[in-house]
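Residue numbers (our numbering): 7 to 139.
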C-alpha cells in the first residue's frame, strides 16, 4: 500500500502543485510592486521546471532488481526556475511590471492549480475506493 501513496503520479502532482504555488507567490509579488520604482518582475517557467523534474526522476530510477530503499526526494527545486526579467523596462522609473499581463498570468496559474487539484482528488478517490474494496 505504501507504493500507492508514493506513486510517481502522486509525486508528480505534488511537484506540480508546489511549482504552481511558488509561481503564484512570484506573480503576487510582481503585482504588489507594480508601483515600486526600479522593480523588475520575475516569473517561474513552470513547464521547464516540471519537465526538468520529470527528466531528473527518470534519470535517477534504479533497476527493478535492486533491493534498496527508494529515495523520494526531488533533486530539481522550483525556486531554481524563477527568473528575473532585467532586460525590459516599461516606464521611466525602471519598473517593468505590466499589471494586465501579470493578472492574466495569475488567472492562468490559478486554473492550472485547480486542474492539478482536481486530478489529485480523482487519484486519491480511486485509491480510497480500492482500499474500501
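Just so it is clear, CB atoms sit at the ideal spot from N, CA and C, and this is done for glycine as well.
For the set 133, 130, 86, the Cα lying nearest the Cα of residue 49 is the one of 86. In the DSSP assignment, residue 108 falls within the alpha helix (DSSP H) that extends over 105 to 138.
By the criterion of a C-beta distance shorter than 7 Å, residue 92 is surrounded in its chain by 46, once the five residues flanking it on both sides are discounted. In the DSSP assignment, residue 49 is bridged to 89. Taking a cut-off of 8 Å for Cβ pairs, the region 52 to 60 and the region 127 to 137 do not touch, as fewer than three such pairs fall below it. Here residue 33 is not near residue 122, since their CB atoms are 7 Å or more apart. Residue 25 counts as buried, since at least 16 other C-beta atoms from the protein chains shown sit within 10 angstroms of its C-beta.
The beta carbon of residue 111 sits closer than 6 Å to the beta carbons of 33 from its chain, once the five residues preceding and following it are set aside; these are given in chain order.
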